[in-house]
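For the protein sequence lines, the chains are A and B, in the order given. Numbered by full-length UniProt numbering, the letters in the first sequence go through residues 1 to 383 in order. Numbered by full-length UniProt numbering, the letters in the second sequence go through residues 1 to 474 in order. Each remark here refers to the structure printed beneath this line.
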Amino acid sequence: MSKRLTCNVVVVGAGMVGAACALYAGRAGLDVILVDRGPVAGGTTGAGEGNLLVSDKEPGPELDLALLSGRLWGELAQEFGEAVEYESKGGVVVASSPDGLAALERFAQGQRAAGVVAEPVAGDGLYDLEPHLAPGLPGAVHYPQDAQVMPALAAAHLLRASGARLLTGHTVTDVLRAPDGAVRGVRTDKGDIHAPAVINAAGTWGGELAALAGVRLPVLPRRGFVLVTEPLPRRVRHKVYAADYVADVASDSAALQTSPVVEGTAAGPILIGASRERVGFDRTFSLPVVRALAAGATRLFPFLERVRAMRSYLGFRPYLPDHLPAVGTDPRVPGLYHACGHEGAGIGLATGTAHLIAQTLTAKTPDLDLTPFRPDRFAAEAM
Amino acid sequence: MTDPNRSGAVPHLVVIGAGPAGLAASVAAAACGVRVTLVDSAGEAGGQFYRRPAPGLRARRPQALHHQWRTWERLKDGLDRYVRAGCVRHLTEHHVWCVERRGEPDRGFTVHALLGPEQEGAAEVRADAVLLATGGYEKVLPFPGWTLPGVVSAGGAQAMLKGALVVSGRTAVVAGTGPLLLPVATGLAAAGVEIAALVESADPKAFVRQSRALAAQPGKVAEGAGYAARLLRHRARLLARHTIVEAHGTERLEAVTVAALDASGRVRPGSERRVPCDTLAVGHGMLPHTDLADTLGCRLDGPAVHVDDEQRTDVPGVWAAGETTGIGGSALSLAEGHIAGCSAAARLRGTEPDPGAWAAAARVRARLRAFSAALDSVYAPPVHWTEQVTDDTVVCRCEEVTGGAIREAVAELGAGDPRTVKLLTRAGMGWCQGRMCGPAVAGLAGCELAPSRRPFARPVPLGILARAGEMDHQ
Numbered sequence: 001m002s003k004r005l006t007c008n009v010v011v012v013g014a015g016m017v018g019a020a021c022a023l024y025a026g027r028a029g030l031d032v033i034l035v036d037r038g039p040v041a042g043g044t045t046g047a048g049e050g051n052l053l054v055s056d057k058e059p060g061p062e063l064d065l066a067l068l069s070g071r072l073w074g075e076l077a078q079e080f081g082e083a084v085e086y087e088s089k090g091g092v093v094v095a096s097s098p099d100g101l102a103a104l105e106r107f108a109q110g111q112r113a114a115g116v117v118a119e120p121v122a123g124d125g126l127y128d129l130e131p132h133l134a135p136g137l138p139g140a141v142h143y144p145q146d147a148q149v150m151p152a153l154a155a156a157h158l159l160r161a162s163g164a165r166l167l168t169g170h171t172v173t174d175v176l177r178a179p180d181g182a183v184r185g186v187r188t189d190k191g192d193i194h195a196p197a198v199i200n201a202a203g204t205w206g207g208e209l210a211a212l213a214g215v216r217l218p219v220l221p222r223r224g225f226v227l228v229t230e231p232l233p234r235r236v237r238h239k240v241y242a243a244d245y246v247a248d249v250a251s252d253s254a255a256l257q258t259s260p261v262v263e264g265t266a267a268g269p270i271l272i273g274a275s276r277e278r279v280g281f282d283r284t285f286s287l288p289v290v291r292a293l294a295a296g297a298t299r300l301f302p303f304l305e306r307v308r309a310m311r312s313y314l315g316f317r318p319y320l321p322d323h324l325p326a327v328g329t330d331p332r333v334p335g336l337y338h339a340c341g342h343e344g345a346g347i348g349l350a351t352g353t354a355h356l357i358a359q360t361l362t363a364k365t366p367d368l369d370l371t372p373f374r375p376d377r378f379a380a381e382a383m
Numbered sequence: 001m002t003d004p005n006r007s008g009a010v011p012h013l014v015v016i017g018a019g020p021a022g023l024a025a026s027v028a029a030a031a032c033g034v035r036v037t038l039v040d041s042a043g044e045a046g047g048q049f050y051r052r053p054a055p056g057l058r059a060r061r062p063q064a065l066h067h068q069w070r071t072w073e074r075l076k077d078g079l080d081r082y083v084r085a086g087c088v089r090h091l092t093e094h095h096v097w098c099v100e101r102r103g104e105p106d107r108g109f110t111v112h113a114l115l116g117p118e119q120e121g122a123a124e125v126r127a128d129a130v131l132l133a134t135g136g137y138e139k140v141l142p143f144p145g146w147t148l149p150g151v152v153s154a155g156g157a158q159a160m161l162k163g164a165l166v167v168s169g170r171t172a173v174v175a176g177t178g179p180l181l182l183p184v185a186t187g188l189a190a191a192g193v194e195i196a197a198l199v200e201s202a203d204p205k206a207f208v209r210q211s212r213a214l215a216a217q218p219g220k221v222a223e224g225a226g227y228a229a230r231l232l233r234h235r236a237r238l239l240a241r242h243t244i245v246e247a248h249g250t251e252r253l254e255a256v257t258v259a260a261l262d263a264s265g266r267v268r269p270g271s272e273r274r275v276p277c278d279t280l281a282v283g284h285g286m287l288p289h290t291d292l293a294d295t296l297g298c299r300l301d302g303p304a305v306h307v308d309d310e311q312r313t314d315v316p317g318v319w320a321a322g323e324t325t326g327i328g329g330s331a332l333s334l335a336e337g338h339i340a341g342c343s344a345a346a347r348l349r350g351t352e353p354d355p356g357a358w359a360a361a362a363r364v365r366a367r368l369r370a371f372s373a374a375l376d377s378v379y380a381p382p383v384h385w386t387e388q389v390t391d392d393t394v395v396c397r398c399e400e401v402t403g404g405a406i407r408e409a410v411a412e413l414g415a416g417d418p419r420t421v422k423l424l425t426r427a428g429m430g431w432c433q434g435r436m437c438g439p440a441v442a443g444l445a446g447c448e449l450a451p452s453r454r455p456f457a458r459p460v461p462l463g464i465l466a467r468a469g470e471m472d473h474q
């Protein structure tokens, strides 16, 4: 052991959620050390588009968390906006048939009751919002609250502003516990870090960290590919996606699903998603998947036919069986907090998650009821 | 088996790249009785090494710019013969963007290519096996002023000489490190350019330390000595243990500052001197092209594709030969290509290959690999080359990312590898996808150069991508 480190809180994971936890805990007056076996944003954070979405969420606890997070992102945008490429560009969910439009309208109705701004857009209005969309689409719903950040920049800048001590290249090998079972820090391959609280922000590897603390948290990877085009002048103004995306997000199927999600970025390239597959941590490139992404995107925006794809990358969304994250204290291990399992919504939900965790750490009443996010909600099976 | 390519039961090998390795492989495989399709991005066979003046230029003695011209003529004759006999199909101006491994039921591979100089059409070729001879590309490390017009890569200068017979200036400095610098300087001098200096960062003493390995290749050493002697006849200044500190100029290059290196590989203070020139040809060695192999899932060893004694990668049905398996020059590429072609053909025909059939090539391969390993340990950029990169030096030219931005990402923002530097700075996200700046970014980030994954070996229009795999396979 090279040196003995102590602090109030150890955050494990230098992705978006870990960085936000460091920021909110730090601003609540806590001394934070953040550890990661890799660099900042080296996992799922570095492989996503940076969606801050309410549009794809049905009424319920995740939508409540998304609305809270969106407000907090709006505050952070005042401080970090330019550096993290924050854009409140809004989302446009496009129906491909009159039936689809009716279903989308019903979905939006429920969201409006939960506090979402969801504006119906008829055929003509659609082309005012997105002039380059394929002709003949029946309509859409416009979600002005949807926004985007550049996720790696967001994680790095929030982390720098947090004042937390950052230990990259440190692999956590154990969660240290007192004889009464309470957390007293973590062991890393480069020494122990002592703290009365440990936050599990390990993303896709959150289940492994939980196991080090002796508890079960069934986080699993759900693979996704993103296609990136050559840089273009702005021709896609919003995050635009087909209505079937919502069904894919909520699906439990292990098979490949793709639904077109198209958006421009501040830097110029257009990002194209979204695919979902449960194939473990398989990093093999799949031409059939990106072919399906390209086909979906060119159907929505025919001008993309001649636009070149520069690269494609893949990432693993950390999902839990009921598609809700684990947020809050773990009643099985005093001092252990979870902030993981956000699936494809971790960038968006990071701020709300971190805010609620910081409230819990400082013995305040959280702004949201954390019961739906309880980390011990999954049937207790033998480890 | 419904693949029309398999009709007649003659197995089909697709060779990608028509440089020395790909040519040798195609000829060897065709001689063993398999059908070969040679796919290449250029309009004519030869690759970078055997690049020749366009026919319209009517060069009287193209061989003046080449050595091993007879080897080339023999290969080209062999290729022409097999093409005429219908055993080899040579597809020119086919830019391969991806090789796809097909699943059940028919297995095999689909080679996806873009057509023509505009790369707007699409072609697909089905194969029972593929042989990757994708060659290498030049490594150039940045320094202040390297983006000025008049600064070219050493390989670029040579390609201009070989292919277009044009010379970019009147007074040139050739600089960097590696065995390419001498022939480039000699070629420029022969074309009438004054060589103001040849600046090589390697230490002559290092050659002495490697004398045994180098002496095992007397032909190669004599080749180098021949270049040096010719260059001296042109009264060029040879500056070993020196480096370029900066290129100067407003509109275009006017001069360079060169300096001596001390024992630790740092610029020796006070040794800087200014050399007027209008051309700087600079290069720091070569790197293998591994994109297609990496996307197929082939194992890489460091920057190169891993192969066994038969030149097989660890992916069944995929062979690799030449610079893509490690930089070693054209003679090594020829030997590897020959072995790969023989092995692939035998295995495609369902027979166990007999290594005795390529024993001579295997001996050449062993000797030349030892030789290039020795060269690798001799030719190296200055140990502390990153110190020459000022904070305002543009490192990633596509995205205009400076050395300072990269240093900030590492020191302030927690980047720890080339991938996170890229995410936080956009270095390597542009048109060349980091091929140019990759080594520099890794060096500035203080980490090893890891080949970054490029699923598309070149940019591909989304409309073509959306329909990939749907074409008729004739």
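Idealized CB from N, CA, C, for every residue including glycine.
Review point. Which chain B residues are close to alanine 255 of chain A, counting only those with a beta carbon under 7 angstroms from its beta carbon?
Key: Here the premise fails: no neighbours, minimum Cβ distance about 15 angstroms.
Practice item. Compile a chain-ordered list of the residues in the segment 42-74 of chain A whose CB is closer than 7 angstroms to at least one CB of chain B. Key: Gly42 and Gly46
Review point. By DSSP, does alanine 164 of chain A sit in helix, in strand, or in coil?
Key: coil
Practice item. Enumerate in chain order the residues of its own chain whose CB-to-CB distance from alanine 197 of chain B is below 6 angstroms, with the five nearest sequence positions on each side excluded. Key: Val173, Arg237, Leu239 and Val275
Check your understanding: valine 177 of chain A: buried (16+ other C-beta within 10 angstroms of its C-beta) or exposed?
Key -> Valine is not the amino acid found at residue 177 of chain A; the sequence shown has arginine there. Classification for arginine 177 of chain A: buried.
Exercise for review: Could you tell me if tyrosine 109 of chain A is buried or exposed, where buried requires 16 or more neighbouring beta carbons within 10 angstroms of its beta carbon?
Suggested key: It is worth fixing the name first, because residue 109 of chain A is glutamine in this sequence and not tyrosine. It counts as exposed.
Review point. At a Cβ threshold of 9 angstroms, is glutamate 381 of chain A touching chain B?
Key: Confidence at glutamate 381 of chain A is low in this model, with a pLDDT of 49, below 50, so the placement of that residue is unreliable and no value is reported for it.
Review point. Between the Cα of residue 543 of chain B and the Cα atoms of B:Pro183, B:Ile16 and B:Glu272, which residue gives the shortest distance?
Key: Residue 543 of chain B cannot be examined here, being either before or after the span of chain B that is shown, 1 to 474.
Review point. For the segment 138-161 of chain B, which residues have a CB atom closer than 9 angstroms to at least one CB atom of chain A, in sequence order?
Key: none
**Study point:** Within chain B, the residues that leucine 153 of chain A reaches when beta carbons sit closer than 7 angstroms
**Key:** Leu424
Check your understanding: Exposed or buried, what is phenylalanine 373 of chain A when buried is set at 16 or more other beta-carbons lying within 10 Å of its beta-carbon?
Key -> buried
Check your understanding: By Cβ distance, which residues of its chain are closer than 7 angstroms to threonine 386 of chain B, with the 5 residues on each side in sequence left out?
Key -> Gly443 and Leu444
Review point. Distance, Cα to Cα, glycine 224 of chain A vs glycine 226 of chain B?
Key: 56 angstroms
Check your understanding: Does the beta carbon of methionine 429 of chain B come closer than 9 angstroms to any beta carbon on chain A?
Key -> yes
Review point. Thinking C-alpha only, which one of B:Thr177, B:Val315, B:Cys298 and B:Ser372 is nearest histidine 284 of chain B?
Key: B:Thr177
Review point. What separation, rounded to the nearest whole angstrom, lies between the Cα atoms of valine 92 of chain A and tyrosine 143 of chain A?
Key: 6 angstroms
Review point. Does the distance from the CB of glycine 341 of chain B to the CB of cysteine 87 of chain B come in under 9 angstroms?
Key: no
Exercise for review: Mind the definition here: the segment 458-470 of chain B touches the segment 112-123 of chain B only if three or more C-beta pairs lie below 8 angstroms; say whether that holds.
Suggested key: yes
Practice item. Can you grab the Cα-Cα spacing for the pair arginine 311 of chain A / serine 162 of chain A, in whole Å? Key: 33 angstroms
Practice item. Can you grab the Cα-Cα spacing for the pair threonine 360 of chain A / tyrosine 319 of chain A, in whole Å? Key: 23 angstroms
Check your understanding: Does threonine 229 of chain A have its Cβ less than 9 angstroms from a Cβ in chain B?
Key -> yes
Review point. Who pairs with aspartate 36 of chain A in a beta bridge, going by DSSP?
Key: A:Thr168
Review point. Between which two residues does the beta strand (DSSP E) harbouring serine 153 of chain B extend?
Key: 151-153
Exercise for review: Could you spell out the range, first to last residue, of the alpha helix (DSSP H) harbouring histidine 342 of chain A?
Suggested key: That residue, histidine 342 of chain A, is in no alpha helix (DSSP H); it is neither H nor E in DSSP.
Exercise for review: Have a look at A:Ala47, A:Lys57 and A:Gly315 and flag the residue whose alpha-carbon is nearest the alpha-carbon of methionine 150 of chain A.
Suggested key: A:Ala47
Check your understanding: Listing by chain order, which chain A residues have their CB less than 7 angstroms from the CB of alanine 122 of chain B?
Key -> Residues of chain A passing the Cβ test: none, with the nearest at roughly 12 angstroms.
Review point. Should glutamate 277 of chain A go down as buried or exposed, given a rule of 16 or more other Cβ atoms within 10 Å for buried?
Key: buried
Practice item. Using the Cα positions of proline 131 of chain A and serine 88 of chain A, report the straight-line distance between them to the nearest angstrom. Key: 19 angstroms
Exercise for review: Please name the residues in the segment 295-310 of chain B whose beta-carbon is closer than 7 angstroms to at least one beta-carbon of chain A, in chain order.
Suggested key: Thr295 and Gly297
Review point. Which residues, in chain order, does the segment 449-460 of chain B contribute to contact with chain A at a C-beta distance below 8 angstroms?
Key: Arg453, Arg454, Pro455, Phe456, Pro459 and Val460
Review point. Going straight from the alpha carbon of serine 7 of chain B to that of tyrosine 313 of chain A, what length do you get?
Key: Because serine 7 of chain B sits at a pLDDT of 46, beneath the cut-off of 50, its placement in the model cannot be relied upon, and the point is left open.
Check your understanding: Would valine 40 of chain A pass as a contact of glycine 416 of chain B if the rule is Cβ separation under 9 angstroms?
Key -> yes
Check your understanding: For a contact meaning CB atoms closer than 9 angstroms, what does cysteine 98 of chain B contact in chain A?
Key -> Phe285 and Leu287
Check your understanding: For threonine 365 of chain A, does the count of other Cβ atoms within 10 angstroms reach 16, so buried, or fall short, so exposed?
Key -> exposed
Exercise for review: Evaluate contact between the segment 376-386 of chain B and the segment 420-434 of chain B, counting only Cβ atoms and requiring at least three cross-stretch pairs below 8 angstroms.
Suggested key: no
Practice item. Using a cut-off of 7 angstroms between C-beta atoms, extract the partners of leucine 413 of chain B located in chain A. Key: Val40, Ala156 and Arg160
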